[in-house]
Every structure is written in structure tokens, then in C-alpha cells.
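Using my numbering, you'd call the opening residue of the sequence shown number 1 and step up by one each time. Structure first, then comments.
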Amino acid sequence: MGLKRLIRLCKTRLFRYIFVRNVEKISKLQSNNKNFRSIRDKICELGTDSLDYFGHDYKLEGGYFLQQNPDEFAALCLFLLDNGPYTNYLEIGTASGGTCLALSQLVGFSNAFSIDDGRHKRSICQQEHLSQIPNVRQFIGNSHSADAKQFLRRNVRGLLDVVFIDGDHSAEGVWKDVQLVLGFSRSGTLLIFHDTIASKGVEDTWLRSIRKKIIAPLAEYVGRDRAMGIGIGSVL
Ligand SMILES: C[S@@+](CC[C@H](N)C(=O)[O-])C[C@H]1O[C@@H](n2cnc3c(N)ncnc32)[C@H](O)[C@@H]1O
């Protein structure tokens with residue numbers, strides 16, 4: 001390993017130790033929440049994008065085409081159920097629309113907003129899935145564009161309560177998404193970062209947002225197998 005990479009790795013470990021070692025972990029919910037198993041089972045019945053990648057606990061490849069670790073996603077649902085209700089939910093990077101639909105059914109929001117560039121191979125299912133969500137509005141295009149901001153300005157009444165960030169996974173891309181949504185957030189808006197373990201760019205921006213005091217970290221759910229990492233922070 002080169003020296004530069006080693007320094008970066010040490011920095012990340014240090015930031016993790018300083019900022020996220022005390023946040024809620026998946027193990028707490030797995031052992032303390034009696035609904036964990038049932039919600040995880042429901043998630044597995046919805047279907048995944050890939051059994052090989054997301055695991056054979058899913059009952060089928062297809063359906064909602066979820067790109068989620070079922071343990072992490074179950075923990076996220078329970079966290080959201082405990083902290084709701086919510087009026088406005090935004091997902092950046094909707095792909096099949098399955099995660100948005102699953103969250104609307106398992107958690108519930110009054111209004112949902114989707115921003116996605118339509119380039120994922122599963123985006124052909126997006127329309128079918130999003131159309132089952134009450135009060136959904138959809139923007140197809142780049143989340144970093146002026147049009148995406150305009151879409152939020154025109155459509156979001158009030159402010160966002162929950163934002164699921166899962167679009168461009170480069171550090172710069174995630175950072176731009178954070179900047180975009182801050183303009184539509186209040187103190188307490190929940191920012192969910194998907195892939196804080198699986199993607200270096202997401203991990204860096206998750207930690208950067210905490211270090212810069214944009215969010216207070218509340219939880220990071222990391223599954224034991226095929227970990228992707230879901231970080232949740234509350235806008236300060
Ligand atoms: C990892 S997938 C999202 C998975 C989805 N959230 C789920 O849980 O099933 C990332 C999605 O973001 C889209 N995407 C990537 N960069 C984007 C950008 N700058 N603006 C909008 N969408 C983007 C991709 O085309 C893809 O549909």
C-alpha cells in the first residue's frame with residue numbers, strides 16, 4: 001500500500017473513531033427490537049436486484065429490485081418508524097423506484113420526491129413503482145443540475161423531513177447532493193447516506209458532513225454480510 005493511501009486510511013479510521021463510534025448500531029436493534037425479524041422478512045419478500053450480490057435471504061430476484069442489505073434496510077425502517085411521522089421524503093438516485101416504494105409502504109410519507117437520471121438498467125421499472133406511491137413527484141435528470149433545484153423549489157411545500165442520498169457515489173457528487181438538499185432542509189431533517197461502507201466517496205462525504213457540523217450523526221447500520229452501510233444524520 002502506498003504512503004498516501006495509508007495516510008488516508010488512518011485519517012478515515014481516526015474520523016470514524018472520533019465521530020461515529022457512539023452512534024446507534026444494527027446490533028442494538030437486532031437484539032432489542034421485537035419487530036426487527038418481521039420487517040426484515042417483509043423486505044426479503046419484496047425482491048432484490050441481484051440475489052448473488054444482495055444475498056439469498058431475498059425470496060426472489062425481481063419484484064421491487066431492492067439494492068439493499070436486508071439487515072441494514074430493516075434497521076433503517078425501524079429507525080424511521082421510531083422517529084416519524086414525516087411529510088416530505090426525497091430520494092436522490094431512485095433506480096427501480098423499489099426502495100422509495102418500500103419505504104412509503106413500510107414507513108409512510110405524505111409526499112415523496114424522486115430525482116434520478118434514468119440511467120440505471122432497472123429504471124424501466126421506476127414509473128411502475130413510483131406510480132403506486134401517493135403524492136409522488138418525479139424529476140428525471142442530473143441531481144447536480146439547476147433544473148433539479150428548480151424542481152424542488154417548484155414542488156416541495158414546506159421543507160424536507162427525510163432525504164435518502166443514493167445517486168452519484170463520488171465524494172464530490174455526494175457533497176453536491178448534500179449542498180442541494182440543505183437548501184430545502186430544516187434543523188432536524190434526516191439525511192440518509194447509502195453505501196457508507198461500500199463506497200469510499202460516500203464514506204468520505206458522510207464523515208465530512210459530520211466534521212463540518214452540517215449533521216449530527218445518529219446511526220450507522222452495517223450488516224455483517226455484504227455490508228453497504230447506511231449512515232443517518234440530523235441536520236444541525
Ligand atoms: C445505487 S443506484 C440507487 C439505488 C436505489 N436507491 C435503491 O435502493 O434501489 C444509483 C442511482 O442513481 C442514479 N444517479 C447516479 N448519478 C446521478 C445523478 N448525478 N443525478 C441523478 N441520478 C443519478 C443512477 O442512474 C442510479 O439509478
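Note that the Cβ used here is the ideal one computed from N, Cα and C, for glycine as well. Just so you know, these numbers come straight off a predicted model, no measurement behind them.
Helix, strand or coil for residue i? Go by DSSP, reduced to three states.
| i | result |
| --- | --- |
| D225 | coil |
| R37 | helix |
| N111 | strand |
| A216 | strand |
| F139 | strand |
| R119 | coil |
| R208 | helix |
| S145 | coil |
| T12 | helix |
| G188 | strand |
| T99 | helix |
| L106 | helix |
| L180 | helix |
| L236 | coil |
| L46 | helix |
| I133 | coil |
| R153 | helix |
| D168 | coil |
| G201 | helix |
Since residue i contacts residue j with CB under 8 Å, what's their CB separation in whole angstroms?
| i | j | result |
| --- | --- | --- |
| I210 | V162 | Not a contact, Cβ separation roughly 18 Å. |
| V181 | I214 | Not quite, the Cβ-Cβ distance comes to about 10 Å (not below 8 Å), so this is no contact. |
| G229 | T205 | At roughly 12 Å, the Cβ-Cβ gap does not stay under 8 Å, so G229 and T205 are not in contact. |
| C125 | G97 | 6 Å |
| A112 | S104 | 6 Å |
| D159 | R137 | Residue identity differs from the one stated: residue 159 is Leu in this sequence, not Asp. Contact doesn't hold; Cβ gap of about 15 Å is too wide. |
| A227 | N69 | 7 Å |
Below 9 Å between beta carbons: does that hold for residue i and residue j?
| i | j | result |
| --- | --- | --- |
| G141 | G173 | no |
| D166 | F139 | no |
| F164 | H194 | yes |
| L46 | F54 | no |
| I26 | E72 | yes |
| T48 | L29 | no |
| L218 | E24 | yes |
| G118 | K149 | no |
| S110 | T87 | yes |
| S152 | T12 | It should be noted that the sequence gives Leu, not Ser, for residue 152. Contact flag unset, no. |
| Y221 | F15 | no |
| L90 | V156 | yes |
Per DSSP, what are the beta-bridge partners of residue i in this structure?
| i | result |
| --- | --- |
| Y89 | A112 and V162 |
| G231 | F193 and E220 |
| E24 | A219 |
| L66 | T48 |
| E61 | T48 |
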